[in-house]
Every structure is written in structure tokens, then in C-alpha cells.
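Engineer:
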Amino acid sequence: APGRDFTIQRLTSVSQLMSFFFIIMVLLARWEEEKYEDGVKWKFLEHNGPYFPPEYQPLPDDVHFYYNGKEVKLSPAAEEVAVFFAQMLDHEYTTKKVFRDNFFKDWREEMTHEERLLIKDLGKCDFGELHAMHKAKVEARKNMTKEEKQALKEANQKIVDEYGYCLLDHHRERIGNFKIEPPGLFRGRGEHPKQGMLKKRIQPEDVIINCSKESRIPEPPAGHRWKEVRHDNSVTWLASWTENIQGAIKYIMLNANSKLKVSGPASRWQYEVARKLKSCVDDIRNQYMKDLHSREMEKRQKTPTADTVGCCSLRIEHITLHKQLDDKEFVVEFDFLGKDSIRYYNKVPVIKKVFKNLKLFMENKETGDELFDRLNTGRLNKHLSSLMPGLTAKVFRTYNASITLQQQLRELTNSKLDSATAEKLLSYNRANRAVAVLCNHQRAPPKTFEQSMANLQAKIDARKDQLSAAKEELKEAKKEAKSKGEADAKLLVERKQAAVARCKEQLLKMEVQATDREENKQIALGTSKLNYLDPRISVAWCKNMEVPVEKIYNKTQRDKFAWAIDMTEADFEF
DNA sequence: CTCAATACTTAGAACGCATGAC
DNA sequence: GTCATGCGTTCTAAGTATTGAG
């Protein structure tokens with residue numbers, strides 16, 4: 050079947066040949082640009098190493114911790130961890146059993162033998178004074194004078210200047226995360242079984258440095274040494290360490306606007322592959338409608354994480370089959386937690402064949418069993434790339450997002466002459482929103498949402514009152530004008546009419562704003578904008594609509610998409 | 001090939017600062 | 001000037017992709 054797919058695909062259209070040709074041209078261009086052999090990411094790399102967070106400052110003598118009502122002076126190590134907990138006391142995490150249990154277990158490990166003997170019940174711990182001290186500190190920071198704030202800013206800038214940049218192949222590049230992650234209590238997303246565990250302080254002895262052999266090797270902090278210094282130019286990271294919660298490796302890497310990222314495989318390149326999918330997506334869709342039978346294998350087990358799934362790892366409890374639902378036949382109801390424990394809920398009508406297959410896959414299984422027990426992401430992507438070179442699930446996502454944006458922009462925006470910039474931007478946001486909904490990019494409603502919505506509503510109400518008052522005045526003025534017919538009175542009518550119109554306009558604007566905000570309550574636009582939408586679509590739209598590109602991309606985004614802003618013409622089509 | 005380790009991208013929340021309304 | 005609010009930045013968790021060992 051893969052062979053046949055490829056043949057069909059190759060013969061179907063001239064435009065495919067064209068796009069294939071284009072891909073090769075881009076490949077060559079990219080080759081030219083990168084100028085290094087495969088797998089080599091740089092020839093020269095020099096940096097100052099990561100920035101370490103400041104050492105723990107023990108509590109002042111007048112701040113106390115109490116156990117069972119009695120004052121206890123904690124050892125520095127135990128005290129530091131106690132402060133982590135105290136700082137989070139306002140957060141609801143600290144009320145959760147898993148969080149508390151994990152915290153307490155790890156905390157006890159930091160205690161001295163004596164402390165461990167004494168402190169056996171978290172419920173008997175009183176962190177009140179530590180908590181109060183933390184809040185006072187936050188408050189004090191907020192109330193700093195202008196000069197103090199300025200001094201702090203300058204100090205931070207000094208750190209950025211020293212540690213925030215590296216030299217990569219003769220270019221000074223901004224580092225994305227040059228700071229070692231400070232210690233604290235782990236906060237996973239969703240019901241994470243490890244929430245509350247102690248994330249330990251990283252020492253230079255834990256850190257591997259990666260740089261050029263011939264570069265100036267970064268100095269470890271005084272009295273310390275690095276775990277290792279290596280010179281591996283097949284990777285892009287500058288430093289790494291292993292964190293203690295999941296045992297995962299953390300990396301110090303470059304900023305998103307660096308050459309390495311912008312010309313890396315992920316950015317421009319992914320959009321070209323996705324564009325190519327446009328020319329053969331119909332074939333591929335027809336094909337998978339034909340062979341609705343896949344048979345592969347595999348399972349996997351990892352260290353405990355929050356219970357989340359993706360399309361390949363769905364379990365049978367995540368879908369419900371409805372032969373009939375409302376007025377539709379063969380409906381699949383999805384309900385599961387995806388990445389970041391974000392819920393996906395949807396009812397999707399499918400064709401009979403798919404419905405029957407799903408039913409078959411669920412047979413003789415029980416809760417906890419995988420729906421597609423012979424499928425995994427590797428297998429899926431292998432199959433996809435046999436349909437079109439470079440095709441993966443992610444390419445589909447990029448394609449779907451970009452094509453949706455383009456369609457929505459066409460549907461939602463009028464000609465450039467028809468509307469004001471604000472209205473154009475609203476349309477752009479709506480198109481962006483449609484994409485975010487498609488990709489299930491959700492956010493928690495902002496904490497201040499209800500309040501700010503109420504504030505806006507109050508403004509709207511006030512404006513409404515104002516409007517009716519203005520209308521009333523207009524009516525009065527008209528009556529006056531009719532009975533008297535003086536020029537002055539007529540002028541007054543005109544003035545009142547203008548006032549009513551202005552009022553109406555402002556009211557409309559606010560109402561639109563309220564709608565926009567309400568619609569955006571649980572939708573996050575940033576992720577799709579940054580990661581899935583071909584920036585050339587947006588740049589072309591700006592050119593066509595005569596909207597400055599600054600209105601849709603901020604500085605950071607303009608840096609990241611500089612290549613698209615430079616090269617895109619108004620007639621660009623995804 | 002499989003599995004685990006490693007590398008890199010994607011993600012939402014928290015933070016903090018600029019801005020604009022009053 | 002004050003204050004809320006929205007926005008950009010920072011942070012780091014949580015995915016996917018790739019590599020490499022056996």
C-alpha cells in the first residue's frame with residue numbers, strides 16, 4: 050500500500066511536482082545557508098556558563114517556626130525547605146494530600162536526626178511567621194522607591210549582559226534560559242503524583258558544560274568545579290543537568306530568534322512540508338478512508354506522571370460510542386486529559402466503518418486497556434511519512450492550523466477599505482481563535498476575569514444610560530426646534546444627534562470588546578501563533594489589509610519571524 | 001528491531017511592567 | 001498621580017523526535 054500511495058501521489062498533479070521541486074530548492078537554499086555537514090550545529094561556541102541562583106539566606110532571629118505550639122530552631126537545610134512550603138501557603142496546592150505527603154517526606158530527609166525525631170506530623174507545623182515574612186517581602190518589593198527599582202533593574206541587566214549571551218560562529222546570540230532553575234517544591238500540572246516533592250538545588254558539580262575546545266572555558270563559581278566540560282558540536286545546548294524529580298535532563302539553549310532556531314528544522318522548513326501536504330491531503334484522506342485497518346504493536350511504561358494521553362495512547366474509557374446521538378448517527382464522544390492535563394471533550398460523527406472498527410477495538414478489553422494497542426507514535430509517523438516524505442502528525446497539525454487561519458481570514462475580513470484597523474484586528478483575532486479552538490489550546494480563565502468583565506459591563510451599562518439620556522435630550526431638542534424653528538434650536542438638534550451617534554459608537558465598541566474577551570476567556574492564542582501558523586499568511590494579510598505588522602506581532606515575534614516579514618509578498622498563498 | 005536516553009519543541013501559568021483611563 | 005489592566009517576558013513542565021545501545 051505505501052508504494053501504491055506514492056505512485057498515485059506522484060502522478061496525480063503537476064502542482065505536486067512543482068511543490069516537490071520547490072522543496073528541493075528550499076533544501077538547497079538551506080544547505081547553503083547552514084554551510085555545515087549534516088549533524089554539525091556549530092563550529093565555534095563560547096559562553097560564560099549558566100547563572101546560579103543566590104545561596105539561601107537563613108531566617109532572621111525574630112522569625113520563628115513552631116511545632117506543636119513550641120518554637121523550634123531548624124537547621125539551615127530544613128529551614129530552607131520549610132520556607133519553600135510557607136511561601137506557597139496561599140496556594141491551594143498546599144491543601145492537597147498528595148502534595149503535602151510528598152513535601153513532608155522530602156522535607157524530613159533534609160532534617161537532622163533530632164529534627165526528624167521531633168517533627169512527625171505536618172499538621173502540627175506552624176509556618177505562620179515564615180509565611181508572613183514572605184508576604185512582607187513581596188509587599189516591600191512592590192513598595193520600593195523608583196531609585197531602588199532602577200538599581201535592581203540595573204543589577205539584573207548586568208547579569209543578562211554577563212550570562213545572557215554567547216558567541217556562536219562569530220555571532221553574538223541571546224541565550225533563552227541562562228539561569229539554573231532555583232530549588233523549590235515541584236508543581237506538576239493536573240493531578241501529578243509527584244507534586245510537592247523537593248526540587249533540589251543544582252550545584253556546578255551537577256552541570257555539564259558544552260562549548261568549543263578552543264573557546265574560553267567558563268569558570269565555575271569559586272570553590273567549585275563542573276561535572277564535565279565537553280565539546281560536542283552535534284548538539285545545540287550550552288549546559289545541561291539532570292533534575293531529581295523525573296530524572297530528566299534540563300538544557301541551557303539559545304533564544305527562539307537565534308540563527309540556530311530560526312533556520313533549524315523546526316521553523317521555516319516545517320511550513321514548507323505542511324504546504325506540500327496541501328497538495329496531497331485529499332489523496333491521503335481518500336486513502337485512509339479506503340484502508341481502515343491498521344495492525345501494529347507495542348506498549349510502554351514510564352515513571353509515574355499525571356495521567357494524560359494523546360491520540361495513540363487513548364484508552365477505552367476515553368471514548369464513548371453512540372450509535373445515535375441527538376439527530377446524528379455514529380457519534381464518538383471523546384473525553385480525556387491531554388498534554389498539560391488540558392481536557393479534550395468533543396462529539397464527533399464518523400462514518401459507519403470507523404464506528405464499527407472502534408467498537409471492534411474495544412471488544413474484550415477493560416478500563417485501562419489501550420484503544421489502539423498495536424499503535425504508537427513511531428508507527429504512526431512511519432506510516433505517514435510513507436504517504437508523503439516528511440509527513441508526521443505534527444505536520445498535519447501545522448497544515449490544519451495554517452490552512453484554517455488562511456480560510457478564516459478570507460471569510461472574516463472585508464476589503465481593506467471597508468473597516469477601521471480595530472475591526473480588522475478583531476477579525477484577525479477571531480481567525481486566530483478559530484485555530485486555537487481547533488488545536489484545543491485552552492487556558493484557565495484569568496484570575497481577574499470575572500471582576501474585569503463586571504467592570505466592563507458596568508461601563509457598558511453607564512454608557513447605555515448615557516445613551517438613553519442623550520436620546521431624551523435629542524427628542525427635547527427636536528420638539529423645541531419644531532415649535533420654535535430657530536436656527537439655534539436646529540443647531541442644537543444636530544449637536545444632540547452627533548452626541549447620540551458618538552455614544553452609540555462607543556457602546557458598540559465596548560460591546561464588541563466584551564464579546565471578544567468573553568470568547569477568549571478559556572482560549573490561548575499564543576501557542577498557535579508562535580508554533581503552528583505560517584507567519585507568511587499573517588504578513589501577507591497585513592500587506593493586503595494595510596495593517597502594520599506591529600499590530601499583530603510584538604517585538605519578540607517580529608524577531609522570530611523576521612525571515613517571513615522580509616520575504617513575504619501580498620499575494621502569498623499557503 | 002526495541003527500548004531507553006537524549007535532544008529539542010510546545011505549553012500554560014506566573015510575574016512584572018508599561019500604559020492608558022480616570 | 002493613581003490604579004487597574006492588558007501585555008510581553010520568564011519560567012519550567014510536558015510533550016514529541018531522534019539517537020544509540022543491545
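Counting from 1 along the first sequence, just add 49 to a position and that's the residue number in the working numbering.
Note that CB positions come from ideal geometry on N, CA and C, so glycine has one too.
1. Have a look at Trp-80 and Asp-376 and give me their C-alpha separation to the nearest angstrom.
2. CB Arg-585 to CB Phe-621, shorter than 8 Å?
3. Among Lys-528, Gln-500 and Arg-482, which has the Cα closest to the Cα of Ile-572?
4. For Thr-605, count neighbouring C-beta atoms within 10 Å of its own C-beta (all shown protein chains included) and say buried if the count is 16 or more, exposed if not.
5. Compute the Euclidean distance between the alpha carbons of Gly-88 and Asn-282, then round it to the nearest angstrom.
6. Is it true that the region 150-159 meets the region 234-248, where meeting means three or more beta-carbon pairs spaced less than 8 Å apart?
7. For Tyr-212, does the three-state DSSP call read helix, strand or coil?
8. Please work out which residues of its chain come closer than 6 Å, Cβ to Cβ, to Lys-609, disregarding the five sequence neighbours upstream and downstream, and give them in chain order.
9. Which residue marks the beginning of the alpha helix (DSSP H) containing Thr-426, and which one marks its end?
10. Ends of the beta strand (DSSP E) at Tyr-477?
11. Kindly indicate which three-state DSSP category Ala-305 falls into: helix, strand or coil?
12. Give a yes or no on whether the C-beta atoms belonging to Phe-227 and Ser-451 are separated by under 8 Å.
13. How would you call Gly-98, buried or exposed, if buried means at least 16 neighbouring beta carbons within 10 angstroms?
14. Give the secondary structure of Cys-174 by DSSP, where H, G and I count as helix, E and B as strand, and everything else as coil.
15. Indicate the three-state DSSP secondary structure (helix, strand or coil) for Trp-275 in the structure shown.
16. DSSP three-state call for Gln-252: helix, strand or coil?
17. Once DSSP output is grouped into helix, strand and coil, what is the label at Arg-236?
18. Express the C-alpha separation of Lys-186 and Ala-442 in angstroms, rounding to a whole number.
19. Going by Cα to Cα distance, which pick from Gln-206, Pro-494 and Gln-295 is closest to Gln-244?
20. Expressed to the nearest angstrom, what Euclidean distance is found between the alpha-carbon atoms of Ala-518 and Ala-548?
21. Can you tell me where the alpha helix (DSSP H) with Leu-407 in it begins and where it stops?
22. Count the other CB atoms, across all protein chains shown, that sit within 10 Å of the CB of Asp-583; report buried if there are 16 or more and exposed otherwise.
23. Comparing C-alpha positions only, which one of Leu-386, Val-132 and Thr-369 sits nearest to Lys-396?
24. Do Ala-355 and Arg-238 come within 8 Å of each other at the CB atom, strictly closer than that value?
25. If Ala-538 and Ala-530 are in contact, beta carbons under 8 Å, what's the gap, nearest whole angstrom?
26. So, Leu-516 versus Leu-557, is the Cβ gap smaller than 8 Å?
27. Is the beta carbon of Arg-149 sitting closer than 8 Å to the one on Leu-171?
Structural biologist: Taking the coordinates as given:
1. Any reading at Trp-80 needs caution, since the residue's pLDDT is 39, under 50, leaving its predicted position unreliable; the model's value is listed next. Those two C-alpha atoms are separated by around 55 Å.
2. yes
3. Arg-482
4. exposed
5. 8 Å
6. yes
7. helix
8. Correct list, in chain order: Ala-305 and Asn-306.
9. 426-436
10. For Tyr-477, there is no enclosing beta strand (DSSP E); the enclosing alpha helix (DSSP H) has its first and last residue at 470-487.
11. For Ala-305, the secondary structure class from DSSP, reduced to helix, strand or coil, is coil.
12. no
13. buried
14. strand
15. coil
16. coil
17. Note: Arg-236 maps to coil in three-state DSSP.
18. Straight across, the Cα-Cα distance linking Ala-442 with Lys-186 is about 47 Å.
19. Gln-295
20. Ala-518 and Ala-548 have their alpha carbons spaced roughly 10 Å apart.
21. Looking at the DSSP string, the run of the alpha helix (DSSP H) that includes Leu-407 is 401-411.
22. buried
23. Thr-369
24. Going by C-beta atoms, Arg-238 is nearer than 8 Å to Ala-355.
25. 4 Å
26. no
27. yes
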